[in-house]
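In the order they appear, the protein sequences are chains C and E. Okay, so the first sequence: first residue is 1 according to the numbering used here, each after it adds one. Okay, so the second sequence: first residue is 21 according to the numbering used here, each after it adds one. All residues carry an ideal CB built from backbone N, CA and C; glycine is no exception. For clarity, every value in this text was computed on a predicted model and none was experimentally measured. Here the structure is laid out as structure tokens; the discussion comes afterwards.
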Amino acid sequence: IDSEDDLLQECISSAMPKKK
Amino acid sequence: PTPPYLKWAESLHSLLDDQDGIHLFRTFLKQEECADVLDFWFACTGFRKLEANEGQGEEKKLKLAKAIYKKYILDNNGIVSRQIKPATKSFIKDCVMRLHIDPAMFDQAQTEIQTMMEENTYPLFLKSDIYLEYT
């Protein structure tokens, strides 16, 4: 089970632009 | 071609659309002790994206909405919470309490934080030693 912090980090990372 | 760091000065969105730009801006915000503002902005975008993805569990959305609420909104002294209007905070609290998870529930808060960055931290960043040294 993901901890809340992991979930948040995953969410933040998913919103970042991918390397060009 | 225009070097990336010149593009960063065009708009906040140009800056937040570039990995190196985000990294440098975050370093600056960390120095100013307000990196949470940027993390919150991305968390809101990520939350909307999650909703748009098929196959994501409702439970995960609820857990994430709660996590964002708890970390950035609940503490009235937090840097993010202080920049968000009371009515906007009540709206989000209401959504979380009633388990009414909506893809747009953080949109207004994100807009308020974005306006604050555009008017305050972003112009300061463009004048900061961190940015000037990088260029």
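- Using a 10 angstroms sphere on the CB of K113 (chain E), the tally of other CB atoms stays under 16, which defines it as exposed.
- Only residues of its own chain outside the window of five on either side were considered, and among them F48 have a CB closer than 6 Å to the CB of S148 (chain E), listed in chain order.
- Contact with chain C is found for T65 (chain E), since one of that chain's Cβ atoms lies less than 8 Å from the residue's Cβ.
- When the Cα atoms are used, I150 (chain E) and L119 (chain E) turn out to be separated by approximately 42 Å.
- The DSSP-derived three-state label of M16 (chain C) is coil.
- Beyond the five residues adjoining it in sequence on each side, R68 (chain E) comes within less than 8 Å, by CB distance, of P123, A124, F126, D127 in the same chain, given in chain order.
- Under a criterion of Cβ atoms nearer than 9 Å, the residues of chain C adjacent to I42 (chain E) are, in order, M16, P17.
- Taking C-alpha positions only, L7 (chain C) is separated from S13 (chain C) by approximately 10 Å.
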